[in-house]
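In the order they appear, the protein sequences are chains A and B. Sequential numbering of the first sequence, starting at 31, is according to the working numbering. Sequential numbering of the second sequence, starting at 31, is according to the working numbering. Yeah, the Cβ is synthetic: ideal placement off N, Cα and C, and Gly gets one too. Since the model is a prediction, treat every value here as computed from it, not as a measurement.
Number of protein chains: 2
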Amino acid sequence: MPDPSVARAGFPVSRQVLADHVYEALLEWLMDGRLEPGAAVSIDGMARELDVSPTPVREALARLEHTGMVRRVALKGYRVAPVFTREDFAELMEARLSIEPVNARLACSRMTPDGLEALKKAVEDLKTAPRGGTFAEYRSYLEADERFHQLIAAQANNQFLLAAYNTLGGQIQRFRLFGGVGITDAEQAIAEHQAVLEAMLSGDPERAAEMMVDHVEKVRGRAMADAPED
Amino acid sequence: MPDPSVARAGFPVSRQVLADHVYEALLEWLMDGRLEPGAAVSIDGMARELDVSPTPVREALARLEHTGMVRRVALKGYRVAPVFTREDFAELMEARLSIEPVNARLACSRMTPDGLEALKKAVEDLKTAPRGGTFAEYRSYLEADERFHQLIAAQANNQFLLAAYNTLGGQIQRFRLFGGVGITDAEQAIAEHQAVLEAMLSGDPERAAEMMVDHVEKVRGRAMADAPED
DNA sequence: ACGCCCGCGTTCCTATAGGATTTGTGGCAT
DNA sequence: ATGCCACAAATCCTATAGGAACGCGGGCGT
């Protein structure tokens, strides 16, 4: 997290306002589990917590609403979105299967050298990331996972598909955290990511799409098997 | 200082807050063309215009940002998103081709009787809508067009795909208004919509998807031919 | 004339105040 | 004990004030 107050050599990097910081903080807390699903997110309370006035908090929450991670009820306030049900998860995977293979196909055709390097690094990070039992230990693993998919969406070079993926991406990441399952499938998941990457490297868009379908379907299969709860 | 409880006497329980009304008003203005692409949207100015304080306006704009219809630059304010370039349009159509056929396929499988009736009515409204030269005259046509696609997305019965479509839908509607082309293709477009509807009626998901692909591709083709500007 | 500087208005941004609404609690009647 | 109402605290929501930055136009020096 770069500190915006420290500008580089006279270059005032795109200055951020307080609401942006609040947005980032809330997003991080949501992803960290510090804000549990279903919990109320009081505007005044958050303002006290972050030592700012309620105004920027209100703006940040308004922006967060569209991510689906918080829900608003008029005159009642915001709450963290409830835990995914089995149906929610099935819908999310269905949506991924509609969008991500397309992203993979396009990204394969339009991939830049830099993008390819970043993708390689993401897979490498997946392999080397610690995979302990606590959240802090596999946080970097989840981050690399999300980064891999995000990079492909970005390399598809379509602002609308990227926006569509990003709205899903937050939910996917949130599920990775709260879905109930830890990391029990790292080896297989890494192999699937590797397969997508190799298809990219060989410049075969159709195969890249197929490998992505395969990956998402297997993620769905594993999660559905691991978490039979409701 | 208008008293809401008196002013809204006709609305028994207006469980909406001021920011919601501002949001609706701004959305309508954006869709009406009263706010032209590229124009600055001053928070204070809008507050004066709508006779409210800047606070609700700020919140409404924060929510509008994710629709892509307004863009924000920190410490500089909001501007109406610029006109679509040819490239933007191509990307939008590419995104539609990724999502809408999937929606059509799923909607065909999961369609409710009520949904089917609403879909029939949308096509009927398309046929009977006036198609004059001015905006007011073909507004209802565009509304029915958008409603048709929105209904299919809703009937797909997947909250994430619906959200993904909705972010596109606003842009699509905005392009219909500002794309530069009026309605020169109504007969063909209606026939294509009819074809999708008939596939739905016959309960053939694959054909519904194919017809949707066909429709979007032809929309793209006509628009690219009609608006060779840039 | 041309460029520079400075004041002025506009706008964004945040904090604060106060009214309106909801929620939780305790007491009272049934 | 249970249901209902009043009261209090917390919260949401809107308005307003003022600081900071940006844009602009006029005046001054070269």
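(request) Grab me the residues of G145(A)'s own chain with a C-beta within less than 7 angstroms of its C-beta, minus the 5 sequence neighbours each way, in chain order. (result) Walking along the first sequence from the start, residue 145(A) turns up at place 115. Excluding sequence neighbours, G145(A) sits near L181, Q185.
(request) Output, in chain order, the set of chain A residues within a Cβ distance shorter than 8 angstroms of T197(B). (result) Residue mapping note: residue 197(B) aligns to position 167 of the second sequence, counting from 1. In chain order: F190, A193, A194, T197.
(message) Output needed for S139(A): all residues of its chain with C-beta closer than 7 angstroms, excluding positions within five of it in sequence on either side, in chain order.
(response) To locate residue 139(A), count along the first sequence from 1; it is residue 109. Once the five neighbours on either side are set aside, the close Cβ partners of S139(A) are P235.
(request) To the nearest angstrom, report how far apart Q201(A) and S128(A) are at their CA atoms. (result) Numbered from its first residue, the first sequence carries residue 201(A) at position 171. Numbered from its first residue, the first sequence carries residue 128(A) at position 98. The alpha-carbon atoms of Q201(A) and S128(A) are separated by roughly 15 angstroms.
(request) Taking only beta-carbon positions, decide if S128(A) is within less than 7 angstroms of chain B. (result) Here residue 128(A) corresponds to residue number 98 of the first sequence, with the count starting at 1. Interface residue, yes.
(request) Check whether the stretch 100–120 of chain B touches the stretch 112–126 of chain A, counting contact only when three or more Cβ pairs, one atom from each stretch, lie closer than 8 angstroms. (result) Taking 8 angstroms as the limit for Cβ pairs, the verdict is that the stretch 112–126 of chain A does not touch the stretch 100–120 of chain B.
(message) 7 angstroms is my cut-off, CB to CB: does E124(A) come that close to chain B?
(response) Here residue 124(A) is taken as the residue at index 94 of the first sequence, counted from 1. Yes, its Cβ sits closer than 7 angstroms to a Cβ of chain B.
(request) Determine the burial state of L65(A): buried for a count of at least 16 other Cβ atoms within 10 Å of its Cβ, exposed for fewer. (result) Working through the first sequence from its first residue, we reach residue 65(A) at position 35. Looking at its Cβ environment, which holds 16 or more other Cβ atoms inside 10 Å, L65(A) is buried.
(request) Taking only the alpha-carbon atoms, compute the straight-line gap between E79(B) and V87(B) and give it to the nearest angstrom. (result) Numbered from its first residue, the second sequence carries residue 79(B) at position 49. Numbered from its first residue, the second sequence carries residue 87(B) at position 57. E79(B) and V87(B): Cα-Cα distance of roughly 11 angstroms.
(request) Express the C-alpha separation of T214(B) and G75(B) in angstroms, rounding to a whole number. (result) Numbered from 1 along the second sequence, position 45 holds the residue referred to as residue 75(B). Numbered from 1 along the second sequence, position 184 holds the residue referred to as residue 214(B). Each residue's alpha carbon lies about 37 angstroms from the other.
(request) List the endpoints of the continuous alpha helix (DSSP H) containing V82(B). (result) Position 52 of the second sequence, counting from 1, holds the residue named residue 82(B). Premise fails: V82(B) is in no alpha helix (DSSP H) and is neither H nor E.
(request) Pull up the CB-CB distance for R135(B) and A152(B), whole angstroms please, since I reckon it's below 8 angstroms. (result) Within the second sequence, numbered from 1, the residue matching residue 135(B) stands at position 105. Within the second sequence, numbered from 1, the residue matching residue 152(B) stands at position 122. The Cβ separation is near 18 angstroms, so there is no contact.
(request) Give, in chain order, every residue of the stretch 232–255 of chain B whose Cβ lies closer than 9 angstroms to some Cβ of chain A. (result) none
(message) At the 7 angstroms Cβ level, is H17(B) part of the contact set with chain A, yes or no?
(response) There is no way to answer for residue 17(B), as the model of chain B reaches only from 31 to 260.
(message) I want to see whether chain A comes within less than 7 angstroms of V132(B), judged by CB atoms only; does it?
(response) If you number the second sequence from 1, residue 132(B) lands on position 102. At least one chain A Cβ lies under 7 angstroms of V132(B).
(message) Buried or exposed for T97(A), going by 16 or more other Cβ atoms inside 10 Å?
(response) Reading the first sequence from its first residue, position 67 is the one you call residue 97(A). Flag for T97(A) reads buried.
(request) For R109(A), name the three-state secondary structure that DSSP assigns. (result) Numbered from 1 along the first sequence, position 79 holds the residue referred to as residue 109(A). Of the three classes helix, strand and coil, the one that applies to R109(A) here is strand, per DSSP.
(request) Would you mind working out which of E130(A), A255(A), I73(A) sits nearest N188(A), comparing C-alpha positions? (result) Here residue 188(A) refers to the residue found at position 158 when the first sequence is read from its first residue. Of the listed residues, the one whose Cα sits closest to N188(A) is E130(A).
(request) Measure the alpha-carbon distance for R93(A) versus D175(A) and round it to whole angstroms. (result) Position 63 of the first sequence, counting from 1, holds the residue named residue 93(A). Position 145 of the first sequence, counting from 1, holds the residue named residue 175(A). Cα to Cα, the separation comes out at about 25 angstroms.
(request) Determine the closest residue to I220(A) out of L198(A), H179(A), G233(A), A255(A), with distance taken between C-alpha atoms. (result) If you number the first sequence from 1, residue 220(A) lands on position 190. Checking every option, the nearest Cα to that of I220(A) belongs to H179(A).
(message) Let me see if you follow: with CB-CB separation under 7 angstroms, is R101(B) close to chain A or not?
(response) Within the second sequence, the letter at position 71 stands for residue 101(B). No, because no Cβ of chain A sits closer than 7 angstroms to the Cβ of R101(B).
(message) What would DSSP say about R161(A), mapped onto helix, strand or coil?
(response) As a first step, residue 161(A) must be located in the first sequence, where it is residue number 131. Note: R161(A) maps to coil in three-state DSSP.
(request) Please work out which residues of its chain come closer than 8 angstroms, Cβ to Cβ, to V132(B), disregarding the five sequence neighbours upstream and downstream, and give them in chain order. (result) Reading the second sequence from its first residue, position 102 is the one you call residue 132(B). Cβ within range, chain order: A186, L191, A239.
(request) Would you decide whether T262(A) is buried or exposed? Buried here means 16 or more other CB atoms lie within 10 Å of its CB. (result) Nothing about residue 262(A) can be read from this structure; chain A reaches only from 31 to 260.
(request) Count the other CB atoms, across all protein chains shown, that sit within 10 Å of the CB of L156(B); report buried if there are 16 or more and exposed otherwise. (result) Along the second sequence, one-based indexing puts residue 156(B) at 126. Label assigned to L156(B): buried.
(message) My output table needs one value for A70(B): the three-state DSSP class, helix, strand or coil.
(response) Counting from 1 along the second sequence, the entry for residue 70(B) is found at position 40. In the structure shown, A70(B) sits in a strand (DSSP, three-state: E or B).
(message) Strictly by DSSP, which residues pair up with V246(A)?
(response) Counting from one through the first sequence, the residue named residue 246(A) turns up at place 216. DSSP output for V246(A) lists no bridge partner at all.
(message) Would L48(A) and V100(A) be called neighbours here (beta carbons separated by less than 7 angstroms)?
(response) Stepping through the first sequence from its first residue, residue 48(A) is reached at position 18. Stepping through the first sequence from its first residue, residue 100(A) is reached at position 70. No, these two residues do not count as a Cβ contact at 7 angstroms.
(request) List the residues of chain A that H96(B) touches, going by C-beta distances under 9 angstroms, in chain order. (result) Residue mapping note: residue 96(B) aligns to position 66 of the second sequence, counting from 1. The contacting residues are R93, E95, H96, T97, A193, T197.
(request) Could you work out which residues of chain B lie near E147(A), taking near to mean beta carbons separated by less than 8 angstroms? (result) One-based indexing of the first sequence puts residue 147(A) at position 117. Residues of chain B passing the Cβ test: none, with the nearest at roughly 24 angstroms.
(request) Following the continuous alpha helix (DSSP H) through V226(A), name the residue where it begins and the one where it ends. (result) Residue mapping note: residue 226(A) aligns to position 196 of the first sequence, counting from 1. Here the alpha helix (DSSP H) through V226(A) covers 216–231.
(message) Bridge partners for V103(B) per DSSP, in chain order?
(response) The residue given as residue 103(B) occupies position 73 in the second sequence. Looking at the DSSP assignment, V103(B) forms a beta bridge with G107(B).
(request) Find the nearest neighbour of A159(B) within the set K150(B), A148(B), E173(B), judged by alpha-carbon distance. (result) For the purposes of this step, residue 159(B) is taken as the residue at position 129 of the second sequence. Checking every option, the nearest Cα to that of A159(B) belongs to E173(B).
(request) Report the rounded CA-to-CA distance for S44(A) versus H51(A), giving the unit in angstroms. (result) Position 14 of the first sequence holds residue 44(A). Position 21 of the first sequence holds residue 51(A). Because the pLDDT of S44(A) is 46, which lies under 50, any placement of that residue in the model is unreliable, and the number read from its coordinates should be weighed accordingly. For S44(A) and H51(A), the distance between alpha carbons rounds to 13 angstroms.
(request) Answer with buried or exposed for E154(A), where buried requires no fewer than 16 other C-beta atoms within 10 angstroms of its C-beta. (result) Taking the first sequence and counting its residues from 1, the one referred to as residue 154(A) is at position 124. Per the 10 Å Cβ criterion, exposed.
(request) Return the CA-CA distance between V226(A) and H245(A), expressed in angstroms with no decimal places. (result) Working through the first sequence from its first residue, we reach residue 226(A) at position 196. Working through the first sequence from its first residue, we reach residue 245(A) at position 215. Distance between the alpha carbons of V226(A) and H245(A) is about 8 angstroms.
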